[in-house]
Amino acid sequence: MLANQIGHYSLFLGFFFSIIIIPISIKNYNNKNQIIDNKIFSISFFQFFFVLVSFFGLILSFVNSDFSNETVFNNSHTTKPLFYKISGTWGNHEGSLLLWLLVLTLFIFVFLIKSNKQPKKYRILTLLFQQVIIIGFFLFLLKTSNPFNYLFPIPKEGLGLNPILQDPALAIHPPILYLGYVGSSIIFSSSLAAVVEKHISKIWAKHIKVWILVSWVFLTLGIMLGSIWAYYELGWGGFWFWDPVENVSLMPWFCLTALLHCILVLEKRLLLISWTVILSIATFMLSMSGTFLVRSGILNSVHTFANDPERGIFILIFLFTLIFFSLFIFFVFHKHNSQEIAKTFWLSKETSILFNNWFLMYFLSVVLIGTVYPIFLEVLSGEKISVGSPFYHKLIIPFLIPFLIFMSIGPNLNWIKSEIKKIKIQIILSFIIALIISFLILSKIGLVGLINTILITVAFYLFFMTIKDFFSKKFNNYSQNFSHFGFSLLILSILFNSILSSEKIVNLKVGEEFSFREETITFESIENIKNKNYKSIIGNFKIKDKKNNSIQLKPELRVYNQPLTITSEADIKTTLYYDKFLVMNVVKDYEYFNVRYQVKPFMIWVWISTILLVVGGCLSLFRRSYEK
Amino acid sequence: MKLSTFFLIILVTFSLAKLSAAEKNEELKNKISKNIRCLICQGQSVYDSQSDFSESVKLIIENKLNEGLSENEIYDFLINKYGEWISYDPKFNKKTFILWILPVLLFVIGGAIIVRKLIIQKL
Amino acid sequence: MKNKIILSLLLLFFIFCFVILYKGLNNSNIYVPEVKIEKTLTKFNSIDLYSENKISSDQIFVDSEYYVLNIWASWCVPCREEHPKLMKLSKNKSIKLIGLNYRDNPKNAKRFISEFGDPYFMIIKDRNGTISVDLGAIGVPETFIINKDKKIIKRFLGSLNEKLLNEINLITK
Chain A
1 MLANQIGHYS
11 LFLGFFFSII
21 IIPISIKNYN
31 NKNQIIDNKI
41 FSISFFQFFF
51 VLVSFFGLIL
61 SFVNSDFSNE
71 TVFNNSHTTK
81 PLFYKISGTW
91 GNHEGSLLLW
101 LLVLTLFIFV
111 FLIKSNKQPK
121 KYRILTLLFQ
131 QVIIIGFFLF
141 LLKTSNPFNY
151 LFPIPKEGLG
161 LNPILQDPAL
171 AIHPPILYLG
181 YVGSSIIFSS
191 SLAAVVEKHI
201 SKIWAKHIKV
211 WILVSWVFLT
221 LGIMLGSIWA
231 YYELGWGGFW
241 FWDPVENVSL
251 MPWFCLTALL
261 HCILVLEKRL
271 LLISWTVILS
281 IATFMLSMSG
291 TFLVRSGILN
301 SVHTFANDPE
311 RGIFILIFLF
321 TLIFFSLFIF
331 FVFHKHNSQE
341 IAKTFWLSKE
351 TSILFNNWFL
361 MYFLSVVLIG
371 TVYPIFLEVL
381 SGEKISVGSP
391 FYHKLIIPFL
401 IPFLIFMSIG
411 PNLNWIKSEI
421 KKIKIQIILS
431 FIIALIISFL
441 ILSKIGLVGL
451 INTILITVAF
461 YLFFMTIKDF
471 FSKKFNNYSQ
481 NFSHFGFSLL
491 ILSILFNSIL
501 SSEKIVNLKV
511 GEEFSFREET
521 ITFESIENIK
531 NKNYKSIIGN
541 FKIKDKKNNS
551 IQLKPELRVY
561 NQPLTITSEA
571 DIKTTLYYDK
581 FLVMNVVKDY
591 EYFNVRYQVK
601 PFMIWVWIST
611 ILLVVGGCLS
621 LFRRSYEK
Chain B
1001 MKLSTFFLII
1011 LVTFSLAKLS
1021 AAEKNEELKN
1031 KISKNIRCLI
1041 CQGQSVYDSQ
1051 SDFSESVKLI
1061 IENKLNEGLS
1071 ENEIYDFLIN
1081 KYGEWISYDP
1091 KFNKKTFILW
1101 ILPVLLFVIG
1111 GAIIVRKLII
1121 QKL
Chain C
2001 MKNKIILSLL
2011 LLFFIFCFVI
2021 LYKGLNNSNI
2031 YVPEVKIEKT
2041 LTKFNSIDLY
2051 SENKISSDQI
2061 FVDSEYYVLN
2071 IWASWCVPCR
2081 EEHPKLMKLS
2091 KNKSIKLIGL
2101 NYRDNPKNAK
2111 RFISEFGDPY
2121 FMIIKDRNGT
2131 ISVDLGAIGV
2141 PETFIINKDK
2151 KIIKRFLGSL
2161 NEKLLNEINL
2171 ITK
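Residue numbers (the numbering used here), protein chains in the order written: chain A, 1 to 628; chain B, 1001 to 1123; chain C, 2001 to 2173.
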């Protein structure tokens, strides 16, 4: 009860501070001081502090199962384990918006503290632009999505949380994802501020690069966690479904990756300024569009929050206001600089980064158009179509081939100009090696289509090039090396996993067995166990191979009582070489179970390679602090 | 050392027997079910869903495959019954050509702009 | 100058997007079948629930001006709600009311009928749901009006209420 009240009033206090910081900042902007007034630091801190208190108030309400709070009532239950009561706080629409506010206010405060080497006016303007976003979210929260609505009379029990959401990976996925997603708000605000204050320089690039890296690292991790959750929890052995909600997290990632490369060019040579600013705007705008698409009910998806057109209209107006606002600033204040680019030779690192951006923007457009086209078509013609994996695969995979080639050659080029002769031999030799290895492998597994063949070759090419770079004497850019290597490994593991995976779906009774590819799978027995908030039906399966080695897999069915749902938990045996995946489902009216058994080679390498990708980014962050 | 073990494993994993016709049909059935939407679910394919509708459609797919219909014929059959909303692979027709062409068009335009910029300063 | 043109084009583009997305908000996400074109019934084979005789659609859809095909199941709660309406509908002399028992246990289906009454001229079984897919149906309850040329002229998703009942009676006069 009390936690609820405190949380609610804190929110108002935070809102109050978010408003009063504006006139004070404007005054500071206009005066002749070179430093930011201490008051501004304090107010920014209080703004964050009260949002934090509010957030804790909500967490406490969940922990105490305080059903006088409508959000808690809708999303929790007394029998829920403590860990999931806590993570239930941000697993719903209102709570997740409070998390948005938390990250927004935290990041601007940290920005103010860490940017003291930058000019005052630039910092204040960044603050002001960020406040526009913050106030927008406060209004959205207070007007349409208040996490602290009261219910009276107080219900005795809550409606419960969807049991599929009671999973550790899913519990930490939103906070990590938001640190990336919402963190790009700072990049947005500061880029616009830099444009207005004409502060785009190598110093600015160095300073903003940290924020871009941090945002990128968290966004990549967040996406990976979501995929891991889908793989382990959703029971079908897939990890990416081109579902609108997944696409919506991937789109800012493309922009942010392109932005990361642009900022490198900007730092070294002060080029690609327009690209940098536009990408900064686009990343955050895509994050916000994502929020719109997922929360307004406009799209049909397995992950959408509750549909509410009123919220949709608010975000839509807010989003487009920000778009028009940033367009205006860009066109009024930005001066195009075309001098430096004249000195750049066509075969150079700058050009390869330009090509990289070109491809990333293409991938972005494929995902964006695929996701929103059905909406446009339906409004304009009344027809409903679905856009799923076949579309994305057909348009993305062929273009990965030149993309991987550029990724292999690019880091070997020099800034400004590369001598064609010097690089020729290395590059061609590596290519030949890659070709030979791919040929050897494919002759064993059979031709899997021309495109897949070439794709494997170029992925191996990148793989070997990055390894060669790692060992070469004059090489010292380990962060880029790790990340590119990780990326090649990611493509290779996804490719091999999808080509080599196999599955069998059978209906089985207890005691029966079936054979699949030199293994025998026996359905040995069933156990019934009662847990805290669900009943568990565990199937014992033995998988025996030709040599009589056997493993036990125990997929589980959970029958939850509030709300009444049955979920299926797969049992997965993971090794470095394969994942063995077993899941069972009830068949209505019959005594047998529907059993799905999958063998998925190299599955774990998908996660390992993504982590390598992230490690590369972290290396860059730590290298900078070492350099200081 | 590690690389060769890596390749050895791939080669070992790959001494596979050729797939039988029945297995091929089952693989095809799974492939098709992944591309068909479950119409009473929120964003799931019939492969992913255990609903009555999904089970019936999967059975239809299996029957049609055994009758000898090709993959495309099965998609056409289902689209004929339920409309294009059921297929996750949008057909290329006058309703969807923008969907397919626009990204590639943007790619080509982007490329043209870049090439123009690079050529101009070469002169 | 070039900047101003680009800016105006972008503004127009974003305004267009805004309008479309705004309108899109009001569109439903639930599948609603379009019955613009009258589809002809494809031939299917089935088994009578009580007599266990094989019967084909050619034999069912004869001798009547209109047919109303109702898909139902004993485990379906809305079917129980619409059942009284079906009892009323069975009194309409110009239609043959046919029941399609969907993915059901025949024992439970028979129990349902004996408990709530039998409005149907005939009940046929669709144990695995494939006949429903042939009809283009998505679940239970669902009702079709078919004319004497075996064309599906109207389709109702969900249970029937008074209003829909009147509509059916009006169409089949």
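Think of the CB as a built atom: it goes at the ideal place given N, C-alpha and C, for glycine as much as any other residue.
**OP:** Assuming A/N75 and A/N92 form a contact by the criterion Cβ under 8 angstroms, report the distance between their Cβ atoms to the nearest whole angstrom.
**Re:** Contact check for A/N75 and A/N92: beta-carbon distance about 4 angstroms, within the 8 angstroms limit, so the pair qualifies.
Original post:
If you draw a straight line from the alpha carbon of A/I405 to that of A/I454, how long is it in whole angstroms?
Top reply: When rounded, the distance between both Cα atoms is 11 angstroms.
**OP:** Sort out for me which residues DSSP pairs A/G183 with in a bridge.
**Re:** Secondary-structure assignment with DSSP links A/G183 through no beta bridge to anything.
Original post:
Count the other CB atoms within 10 Å of the CB of A/Q130; is the residue buried (16 or more) or exposed (fewer)?
Top reply: The residue in question, A/Q130, is buried, as its Cβ has 16 or more Cβ neighbours within 10 Å.
Subject >> Residue-chain proximity (A/V633, chain C), Cβ-Cβ < 8 angstroms >> reply: Not covered by the structure: residue 633 of chain A. The range shown for chain A is 1 to 628.
**OP:** Quick one: give me the first and last residue of the alpha helix (DSSP H) that A/V51 is part of.
**Re:** Element bounds for A/V51: 38 to 63.
Original post:
Would DSSP call A/F439 helix, strand or coil?
Top reply: In the structure shown, the three-state DSSP call for A/F439 is helix.
Subject >> DSSP bridge partner residues for C/I2098 (one or two, in chain order) >> reply: Partner(s): C/L2069, C/M2122.
Original post:
Terminal residues of the continuous alpha helix (DSSP H) containing B/Y1075?
Top reply: Residues 1071 to 1082.
Original post:
Which residues, taken in chain order from the region 1020 to 1047 of chain B, show a beta carbon closer than 7 angstroms to some beta carbon of chain C?
Top reply: Flagged, chain order: L1039, I1040.
**OP:** Classify C/F2112 as buried or exposed, calling it buried when 16 or more other Cβ atoms lie within 10 Å of its own Cβ.
**Re:** Flag for C/F2112 reads buried.
Subject >> Chain-ordered chain B contacts of A/K384 [CB-CB under 8 angstroms] >> reply: Those within 8 angstroms of A/K384 in chain B are G1083, E1084, W1085.
Original post:
Between A/F460 and A/G238, what straight-line distance do the alpha-carbon atoms span, to the nearest angstrom?
Top reply: Each residue's Cα considered, the two are about 24 angstroms apart.
**OP:** Just tell me which of C/L2170, C/K2110, C/K2004, C/L2009 has its CA closest to the CA of C/E2052.
**Re:** Closest in alpha carbon position to C/E2052, among C/L2170, C/K2110, C/K2004, C/L2009, is C/K2110.
Original post:
Any C-beta of chain C sitting closer than 8 angstroms to the C-beta of B/N1066?
Top reply: For B/N1066, the closest Cβ of chain C is not nearer than 8 angstroms.
Original post:
Out of B/A1022, B/I1119, B/V1115, which has the shortest C-alpha to C-alpha gap to B/G1068?
Top reply: The residue among B/A1022, B/I1119, B/V1115 with its C-alpha nearest the C-alpha of B/G1068 is B/A1022.
Original post:
Along the region 2131 to 2152 of chain C, what residues have a CB closer than 7 angstroms to any CB found in chain B?
Top reply: The residues in question are S2132, V2133, G2136, I2138, G2139.
**OP:** Identify whether A/S483 lies in helix, strand or coil by the three-state DSSP scheme.
**Re:** If DSSP states are grouped into helix, strand and coil, A/S483 belongs with the helices.
Subject >> Contact with chain B by A/K628, beta-carbon distance below 8 angstroms >> reply: In this predicted model, A/K628 has a pLDDT of only 45, less than 50, meaning its place in the structure is not dependable enough to derive any value.
Original post:
Sorted by chain position, which residues of the same chain lie with C-beta nearer than 7 angstroms to C/P2078's C-beta, five sequence neighbours on each side aside?
Top reply: Non-local C-beta neighbours of C/P2078 in its own chain, meaning closer than 7 angstroms and more than five positions away in sequence, comprise P2141, G2158, S2159, ordered along the chain.
Subject >> Continuous alpha helix (DSSP H) assignments of at least 4 residues falling wholly in the region 135 to 193 of chain A >> reply: With a minimum length of 4 residues, the continuous alpha helix (DSSP H) runs that stay inside the region 135 to 193 of chain A are 168 to 181.
Original post:
Quick one: does B/T1005 have its CB under 8 angstroms from some CB of chain A?
Top reply: Low confidence applies to B/T1005: its pLDDT is 47, below 50, so where it sits in the model is not reliable, and the reading given next is rough at best. By this cut-off, B/T1005 is not an interface position.
**OP:** Starting from C/T2143, follow the beta strand (DSSP E) in both directions and report where the run begins and ends.
**Re:** Counted as a single uninterrupted DSSP element, the beta strand (DSSP E) harbouring C/T2143 occupies residues 2142 to 2147.
**OP:** Run down chain B in chain order and give the residues with a C-beta less than 8 angstroms from the C-beta of C/R2127.
**Re:** From the beta-carbon of C/R2127, no residue of chain B is found nearer than 8 angstroms; the closest lies around 10 angstroms away.
**OP:** Pick out the complete alpha helix (DSSP H) segments inside the region 202 to 270 of chain A, 4 residues or longer, and give them in chain order.
**Re:** Correct list: 202 to 233, 244 to 269.
Original post:
So which residues of chain A does C/F2018 contact, with C-beta pairs closer than 8 angstroms?
Top reply: Within chain A, the C-beta atoms nearer than 8 angstroms to that of C/F2018 come from L316, F320, in chain order.
Original post:
DSSP on A/G539, reduced to helix/strand/coil?
Top reply: A/G539 falls in the strand class under three-state DSSP.
**OP:** Could you tell me whether the Cβ atoms of A/G95 and A/S54 are closer together than 8 angstroms?
**Re:** Their beta carbons are not under 8 angstroms apart, which means A/G95 does not touch A/S54 by this criterion.
Original post:
Per DSSP, which one or two residues make a beta bridge with A/K121?
Top reply: Note: A/K121 sits in no beta bridge, so no partner.
**OP:** Return the CA-CA distance between C/L2010 and A/F254, expressed in angstroms with no decimal places.
**Re:** Between C/L2010 and A/F254, the C-alpha separation is close to 21 angstroms.
Original post:
Does the ligand ADP have even one heavy atom less than 7 angstroms from the beta-carbon of C/N2070?
Top reply: Because no ligand of any kind appears in the structure shown, any question about the ligand ADP cannot be addressed here.
**OP:** Starting from the C-beta of A/K121, find all residues in its chain whose C-beta is less than 7 angstroms away, skip the five residues before and the five after it, and write them out in chain order.
**Re:** Cβ-Cβ distances below 7 angstroms link A/K121 to Y29, E197 in the same chain, with the five nearest sequence neighbours on each side left out; the list follows chain order.
**OP:** Return yes when the Cβ of A/F17 is within less than 8 angstroms of the Cβ of A/F46, no when it is not.
**Re:** Taking 8 angstroms as the Cβ cut-off, A/F46 and A/F17 qualify as a contacting pair.
Subject >> Assigned secondary structure, A/V387 (DSSP; H/G/I helix, E/B strand, else coil) >> reply: Coil, per DSSP.
Original post:
Can you find a CB in chain A that lies within less than 8 angstroms of the CB of B/D1076?
Top reply: No, its Cβ sits nowhere closer than 8 angstroms to a Cβ of chain A.
**OP:** Could you check what DSSP says for C/D2104 in three-state terms: helix, strand or coil?
**Re:** Note: C/D2104 maps to coil in three-state DSSP.
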